[in-house]
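In this text, residue positions in the sequence shown follow this note's numbering: the first is 85, and each later residue adds one.
Right, one structure below, let's go through it.
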Amino acid sequence: MPSSIHGSFQGTARSYQNSISNEPILILAAIITIYVVLGMLYESYIHPFTIISTLPSAGLGALLALKLYNTEFSLIALIGVFLLIGIVKKNAIMMIDFAIEAERSQGMSAKDAIFQACIMRFRPILMTTMAAILGAIPLAIGAGDGAELRRPLGISIVGGLIVSQLLTLYTTPVIYLYFDRARTWILNLRKPHTSSAPHVAAEIKA
85 MPSSIHGSFQ GTARSYQNSI SNEPILILAA IITIYVVLGM LYESYIHPFT
135 IISTLPSAGL GALLALKLYN TEFSLIALIG VFLLIGIVKK NAIMMIDFAI
185 EAERSQGMSA KDAIFQACIM RFRPILMTTM AAILGAIPLA IGAGDGAELR
235 RPLGISIVGG LIVSQLLTLY TTPVIYLYFD RARTWILNLR KPHTSSAPHV
285 AAEIKA
């Protein structure tokens with residue numbers, strides 16, 4: 085065969101190849117959008133990172149579940165990951181929002197606020213997660229016509245929710261406390277600069 089002749093995918097195979105190549109860009113765009121919205125909601129640059137930190141556990145659970153059932157990461161599985169981003173982010177928001185409100189309105193420390201948030205929000209988080217898992221199980225184990233198209237969606241949702249539920253209830257409070265300490269440290273760094281200005285002005289006046 086002459087070296088000037090090259091082979092390439094066409095039709096459905098080419099469309100699938102193009103969709104796979106755009107997956108990282110789509111996921112990155114979704115994460116950036118989440119950060120911007122959360123930053124506007126909480127008026128903070130730090131707390132959105134706490135919520136976004138829960139997303140890797142969902143993606144890890146989806147990939148492990150797909151690997152366990154020997155299912156490829158198709159475009160349908162990617163849609164399941166996007167659904168996971170919304171559900172898992174909602175679980176973290178329920179805890180972080182309660183903790184921030186307790187800090188601002190009740191004067192609680194960050195440790196007491198996130199501890200109280202974990203206790204008060206555990207049942208609604210568990211209820212919504214179980215509802216989503218039970219709704220996705222028929223997709224994951226279903227049979228019949230078109231089952232091979234729906235199965236990656238159900239598997240990615242169920243696997244991601246199980247792993248994220250087990251991890252985020254333990255990791256989110258820890259990450260929240262570390263980011264809160266980082267925020268306090270940054271504020272303490274700024275205080276000497278702001279407080280030294282009146283002192284300098286007083287010395288010049290004297």
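Virtual Cβ for every residue (Gly too), placed ideally from N, Cα, C.
**Q.** Rounded separation between Ile-187 and Ala-197 - CA only
**A.** Mapped onto the sequence shown, residue 187 falls at position 103. Mapped onto the sequence shown, residue 197 falls at position 113. The sequence given here has Glu at residue 187, not Ile. The straight-line gap from Cα to Cα measures roughly 6 Å.
Q: Compute the Euclidean distance between the alpha carbons of Tyr-126 and Asp-229, then round it to the nearest angstrom.
A: Against the sequence shown, residue 126 aligns to sequence position 42. Against the sequence shown, residue 229 aligns to sequence position 145. Looking at the two C-alpha atoms, the distance is approximately 46 Å.
Q) Leaving out five residues before and five after Tyr-260 in sequence, what residues of the same chain have Cβ atoms less than 6 Å from its Cβ? A) Your numbering for residue 260 matches position 176 in the sequence shown. For Tyr-260, where only same-chain residues beyond five positions count, the Cβ hits under 6 Å are Thr-134 and Ile-198.
Q) Whose CA, out of Leu-271, Met-178 and Tyr-153, lies closest to the CA of Glu-232? A) Numbered from 1 along the sequence shown, position 148 holds the residue referred to as residue 232. The shortest C-alpha to C-alpha distance from Glu-232 to any of Leu-271, Met-178 and Tyr-153 is the one to Tyr-153.
Q | Environment of Leu-210 [buried if 16+ CB atoms lie within 10 Å] | A | Working through the sequence shown from its first residue, we reach residue 210 at position 126. Result: exposed.
**Q.** Proximal residues to Arg-184 (C-beta, below 7 Å), its chain only, five neighbours per side dropped
**A.** Along the sequence shown, one-based indexing puts residue 184 at 100. Checking the sequence, you will find Ile at residue 184 rather than Arg. Contacts found: Tyr-126 and His-131.
**Q.** Local conformation of Glu-127 per DSSP, three classes
**A.** What you label residue 127 is simply residue 43 of the sequence shown in a count that begins at 1. Three-state DSSP puts Glu-127 in coil, outside helix and strand.
Q. Near Met-192, what residues of its chain come up, given a Cβ to Cβ distance below 6 Å and the 5 sequence neighbours on each side ignored?
A. Reading the sequence shown from its first residue, position 108 is the one you call residue 192. Sequence-distant partners of Met-192 (beyond 5 residues in either direction) whose C-beta falls short of 6 Å from its own C-beta, in its chain, are Ala-186.
(Q) Can you tell me whether Gly-191 is helix, strand or coil according to DSSP? (A) The residue you call residue 191 lines up with position 107 of the sequence shown. It is coil, neither helix nor strand.
Q.
Ignoring anything shorter than 4 residues, give me the alpha helix (DSSP H) runs that lie fully in the stretch 155-231, in order along the chain.
A. Runs of the alpha helix (DSSP H) lying entirely within the stretch 155-231 and spanning at least 4 residues, in chain order: 159-190 and 194-225.
Q. Quick one: is Gln-249 buried, meaning 16 or more other Cβ sit within 10 Å of its Cβ, or exposed?
A. Stepping through the sequence shown from its first residue, residue 249 is reached at position 165. Buried, because 16 or more other Cβ atoms sit within 10 Å of the Cβ of Gln-249.
Q.
Assuming contact is defined by CB atoms lying nearer than 8 Å, are Leu-237 and Ala-161 in contact in what I supplied?
A. Taking the sequence shown and counting its residues from 1, the one referred to as residue 237 is at position 153. Taking the sequence shown and counting its residues from 1, the one referred to as residue 161 is at position 77. A contact, by the Cβ cut-off of 8 Å.
Q.
Please list the terminal residues of the continuous alpha helix (DSSP H) segment that includes Ser-141.
A. Here residue 141 refers to the residue found at position 57 when the sequence shown is read from its first residue. Its alpha helix (DSSP H) spans residues 139-152.
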